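Novice: Here you go, one structure.
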Amino acid sequence: MASRSPIDMQDETEAFREEVRQFVAQNFPEELKNTGSAMSAVEGPDEETPAQQSWREAMGQRGWGVPTWPREYGGGGLTRKQVAILNEELAKAGAYNPIGGMGVMMFGPTLLEYGSEEQKKEHIPPIARGEIRWCQGYSEPNAGSDLANLQTTAVDKGDHYLVNGQKTWTSGGQWADKCFCLVRTDRSDKHKGISFLLIDMDAPGVEVRPIQMISGMSPFCETFFTDVEVPKENLVGEEGQGWTIGKRLLQHERTNLSGGGSMARMMGASLSDIARKYVGTDAEGHIADPVLRDRIADFEIRWSAFLLTGRRAAEESKAQGGVSEISSVLKKVGTKLGQEKAELTIEIMGLQGLGWEGEGFSEAELAGVRAWLFGKATTIYGGSTEIQNNIIAKRVLGMLDHQ
Amino acid sequence: MAVLSEEQEMLRDMARDWTTNESPVAEWRKVRAGGEAQAYDPAAYATMAEMGWTGVVVPEEHGGSDFGWLSAGLVIEELGKTLTASPLASSIVAASAIMLGGSEEQKAKWLPQLAAGEVVGALAVDEGPRHDPAAIEAQVTGGKLTGTKAFVHEAHGADLFVVAAQDGLYLVEKGEGVILSDRKLTDQRSHAAIAFDGAAAVRLAGGGDDLLDQVLDRARIVTACEMLGMAQQVFDTTLDYLKQRVQFNQVLATFQALQHRMADLFADLALMRSAVEGGLQALDSGFGVPRAATVAKAEANRVLHLISREGIQLHGGMGMTDEYDVGLYLKRARVLEASFGNTAYCRNRFASLGGY
């Protein structure tokens, strides 16, 4: 391969930047400036505005919603450097990536690794265009942290599997088109009896019931499968390979749940700003309650160290060409800090910060309460903190299995 | 661990080889048994100088290698792992004060000697047991310094003191008008009260009004580096111990209650390392140093405190014995936590820097 001079590379970089600028100028609707986030657009109820739809389609056509995925499956095929430029230019324009959700964050990367050519051609392009929503059929009433205990069965009926059982905590199940599911194809082996199956949510025999949560929201569902016929070609990998594939997918989930950047964006206003507003300041401009000021600083210092850790994990992983061992702490630390911040936020506001509904509360105050409650899920889902501790102790620290 | 250049990896490996083979904790025990007030082995310091460690942050034109703060931090971390007693960190901070605030003449006079390890420097700021750079009473009149400094690190071996007075930082050579009194702390390293009684003092006139803060931030960060090495070592030693110690016919490492505590400490140690390396990288880039230094020292305080306590508890009764090393780390830990800003100080400074 002919080597390129630094000047050539500089030119290519600038050319790409110009291409992005022109694309954004031509396609990003002014009314969406500084509004969007990928999560809500894809995982919430179906109420896309025409402007949102046109932006999603424009980005989807380029494959820039999944910029690093291969072009042949509808991805952007961009280099890391180009992705950085894309993100910079989107941010500068107040634009956002409208394509996200579980298909992008979890299922897509896993299918690209384990799926057959036919499966990739069928499923990846609609994810890249943001047209199809996926949900996750993992947990069951008796298979939470002990996920491998799952009992939903898929029985071989020649040209199809017959699926029976119940899944729970199906995020966004009521809005999803398809479900990637762990099912039991063999009762004789706990782990090797699990397979990875793709199920249409509108297939006969699939029933979805939203679960009302303490936050008042229903982001999770129970999903029931009663004699659901699933074509054989929807098996990913081989029969019995489900546990391996399913765990790989969870790695993608944890990476996304703990990503310092997205977490920071979800965290909202700074605690010191909230305290200034609700508690006031003294003559020196310090938060009037010195104990609270000290606790906020304590939190902010640890939060800074967490953000630095996220950055370091990314740099180390890149340099080593593998996953850095400190990546294993990001999920547990990030979610714990997120909960601490939510608790501090409502505490600073006093009873004004515990409003449930109605008059006398701002939108931010009401949203804060719901976020605080919903946030309790973060240390439970995606591998609870206790499971993360087991993983760190056994895989990273080499502490032996409990006998 | 931050991503290192090839030279930095070589430097780190060299430091690790040397501390492991030539300066294990047993060497500190020998120094301690010797009972010398300076509490380090001058021959070991001479070896460090030969390996170039004393000049790591000093510019090449003044006899250093200009290798940067991250490089200095790697070495100091390794020294912290084996409790290697030396005035290296202290002398590097003193050199940095001259780099920041010294005239060309002062730089030309002192930096080559500090870089060569021929002169040992020490920083004398606080006048009481708690770090409080806003409460300096030492004064210089007509080039003569009068005042007292409390608990000066590495005072006994120092030839040159960087001293905070009311109107700025001064260089004072040991000798007439510089009177040391031993202050034996629990870590049994070199600490002294110093009475300056009309000692000849030369001002570091450059560096701006916040020169003292800049120097203290460097002291905070290199101190945090030593603490990082200590925390890493206590963690590793404790983990090894749990994997060997058998009770109830099982090695302790199989107990989930202990596994989860170690997982928590591992996570905290990761945060501490990120914070400390963030401080070093801020010094090398020159950007955001006050905040990064505050985060580094605060996290070093918090995490080393926790790990040194847990280290004792998880070693059980053996952790209480002088024969085991873990107690030595505990004692040094508290001294460093209290130096250049304890946790309360760091939180207050962090809030003030953040405008709240």
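Which chain is which? The protein sequence lines are A and B, in order.
Position 401, counted from 1, in the first sequence is what our numbering calls 470; the numbers after and before it change by one each time, with no gaps.
Position 91, counted from 1, in the second sequence is what our numbering calls 1042; the numbers after and before it change by one each time, with no gaps.
Just so you know, even glycine gets a beta-carbon here, dropped at the ideal spot from N, CA and C.
Every value quoted in this text rests on a predicted model; they were computed, and no experiment measured them.
1. Is any beta-carbon of chain A found at less than 9 Å from that of S1022/B?
2. Below 8 Å on the Cβ atoms is my guess for W1020/B versus V1009/B; work out the distance and round it to an integer in Å.
3. Ignore the nearest five residues each way along the sequence and tell me which others in G330/A's own chain have a CB closer than 6 Å to its CB.
4. Could you tell me how far apart the beta carbons of L1062/B and A1046/B are, in whole angstroms, since I believe they sit closer than 8 Å?
5. Beta-carbon separation of V275/A and Q320/A under 9 Å?
6. Grab me the residues of L423/A's own chain with a C-beta within less than 7 Å of its C-beta, minus the 5 sequence neighbours each way, in chain order.
7. Inspect the CB distances between the stretch 212-223 of chain A and the stretch 182-189 of chain A and report whether three or more fall short of 8 Å.
8. Taking the straight line between their C-alpha atoms, what separation do you get for I395/A and A272/A?
9. If you measure between the beta carbons of R381/A and E1228/B, is that distance less than 9 Å?
10. Which residues in the same chain have their Cβ closer than 8 Å to the Cβ of G1317/B, if we skip the five residues on either side of it in sequence?
11. Return the residue from the list V1240/B, A1086/B and Q1057/B that minimises the CA-CA distance to A1157/B.
12. Please name the residue or residues paired with P273/A in a DSSP beta bridge.
13. How about the stretch 1064-1071 of chain B and the stretch 1161-1178 of chain B: do they share at least three Cβ pairs that are nearer than 8 Å?
14. Relative to chain B, which residues along the stretch 367-382 of chain A have a C-beta separation below 9 Å, given in chain order?
15. Does the separation of the CB atoms of G309/A and T378/A fall below 9 Å?
16. Determine the chain B residues that contact S386/A at a beta-carbon separation under 7 Å, and present them in chain order.
17. Select from G1126/B, A1221/B, T1005/B and G1079/B the residue whose C-alpha is nearest the C-alpha of I1258/B.
18. Please return the same chain residues whose Cβ sits closer than 6 Å to the Cβ of Q989/B, not counting the five positions on each side in sequence.
19. On the CB-based measure, 16 or more other CB atoms within 10 Å of its CB, does S1225/B come out buried or exposed?
20. Identify which residue in M961/B, M965/B, E1105/B and L1030/B has its Cα closest to the Cα of P1038/B.
21. Can you tell me the Cα-Cα spacing of F1102/B and Y996/B, whole angstroms?
22. Tell me the rounded alpha-carbon separation between V89/A and D964/B.
23. Note down the Cα distance separating M1050/B from M418/A, rounded to an integer number of angstroms.
24. Ignoring anything shorter than 4 residues, give me the alpha helix (DSSP H) runs that lie fully in the stretch 176-250 of chain A, in order along the chain.
25. Suppose you measure from the CA of K405/A to the CA of E987/B; what does that come to, to the nearest Å?
26. Nearest to G444/A by alpha carbon, out of V465/A, Q389/A, K161/A and S284/A?
27. Which class does F17/A belong to by DSSP, given the choice of helix, strand or coil?
28. Please specify which runs of the alpha helix (DSSP H), each continuous and at least 4 residues long, are wholly inside the stretch 422-462 of chain A, giving them in chain order.
29. Apply the 10 Å Cβ neighbour rule to H1013/B and answer buried if 16 or more other Cβ atoms are within range, or exposed otherwise.
30. Give the interface partners of P436/A over in chain B, defined as CB-CB distance under 7 Å, in chain order.
31. Smallest Cα separation from L1284/B: which of T1272/B, G1180/B, G1237/B and R1300/B?
32. Across which residues does DSSP place E291/A in a beta bridge pair?
33. By Cβ distance below 6 Å, which residues in the same chain neighbour V1166/B in space, the five residues on each side in sequence not counted?
34. Can the beta-carbon of G206/A be found closer than 9 Å to that of I268/A?
35. Roughly how many whole angstroms lie between the Cα atoms of E209/A and Q121/A?
36. With distances taken from CA atoms, which of E1127/B, L962/B, A1086/B and L1122/B is nearest A1073/B?
Specialist: Walking through what the data contain:
1. No, S1022/B does not count as interfacial toward chain A.
2. In fact, because the Cβ distance is near 12 Å, the residues do not count as touching under 8 Å.
3. With a pLDDT of only 41 at G330/A, under 50, the local geometry of the prediction cannot be trusted, and no value is derived from it.
4. About 6 Å separates the two Cβ atoms, so the contact holds.
5. The Cβ atoms of V275/A and Q320/A do not sit closer than 9 Å to each other.
6. Excluding positions up to five away in sequence, the list reads I415 and V438.
7. No, because fewer than three Cβ pairs between the stretch 212-223 of chain A and the stretch 182-189 of chain A fall closer than 8 Å, the two stretches do not touch.
8. Cα-Cα distance, rounded: 42 Å.
9. Yes; because the gap between Cβ atoms is below 9 Å, this pair is in contact.
10. Residue 1317/B lies beyond the residue range present for chain B, which begins at 952 and ends at 1307; the question has no answer from this structure.
11. In the sequence on display, residue 1157/B carries Gly and not Ala. Cα-wise, what sits closest to G1157/B is Q1057/B.
12. In the DSSP assignment, P273/A is bridged to no other residue.
13. Because the criterion of three Cβ pairs below 8 Å is not met, the stretch 1064-1071 of chain B and the stretch 1161-1178 of chain B do not touch.
14. Residues of the stretch 367-382 of chain A whose Cβ lies closer than 9 Å to any Cβ of chain B, in chain order: D367, E369, I370, R371, S373, A374, F375, L376, L377, T378, G379, R380, R381 and A382.
15. No. Outside cutoff.
16. By Cβ distance, chain B contributes nothing, its closest Cβ being about 10 Å from S386/A, past 7 Å.
17. Comparing alpha-carbon positions, the option among G1126/B, A1221/B, T1005/B and G1079/B lying closest to I1258/B turns out to be A1221/B.
18. Only H1107, G1108 and S1141 meet the Cβ criterion.
19. S1225/B should be labelled buried.
20. The shortest Cα separation from P1038/B among M961/B, M965/B, E1105/B and L1030/B belongs to E1105/B.
21. One alpha carbon belongs to F1102/B, the other to Y996/B, and they sit about 22 Å apart.
22. Taking the Cα positions, V89/A is about 45 Å away from D964/B.
23. Distance between M1050/B and M418/A, taken at the CA atoms: about 48 Å.
24. Restricted to the stretch 176-250 of chain A, the alpha helix (DSSP H) segments that are unbroken, complete and at least 4 residues in length are 177-183 and 186-197, listed in chain order.
25. Take the alpha-carbon of K405/A and the one of E987/B: they are about 48 Å apart.
26. Considering only alpha carbons, the answer is S284/A.
27. The displayed coordinates of chain A run from 70 to 472. Any statement about residue 17/A would go beyond what the structure contains.
28. Taken in chain order, the complete alpha helix (DSSP H) segments of 4 or more residues contained in the stretch 422-462 of chain A are 432-443 and 454-460.
29. Per the 10 Å Cβ criterion, buried.
30. For clarity, residue 436/A is Ala in the given sequence; the question names Pro instead. Under the 7 Å cutoff, chain B gives no residues; its nearest Cβ is about 23 Å from A436/A.
31. The residue asked about is misnamed: residue 1284/B is Ala in this sequence, not Leu. For A1284/B, the nearest C-alpha among the options comes from G1180/B.
32. Answer is R278/A, bridged to E291/A.
33. Sequence-distant Cβ neighbours of V1166/B in its own chain, meaning closer than 6 Å and more than five residues away, are A1048.
34. Contact flag set, yes.
35. Taking the CA atoms as reference points, E209/A sits about 35 Å from Q121/A.
36. When only C-alpha atoms are compared, the closest one is L1122/B.
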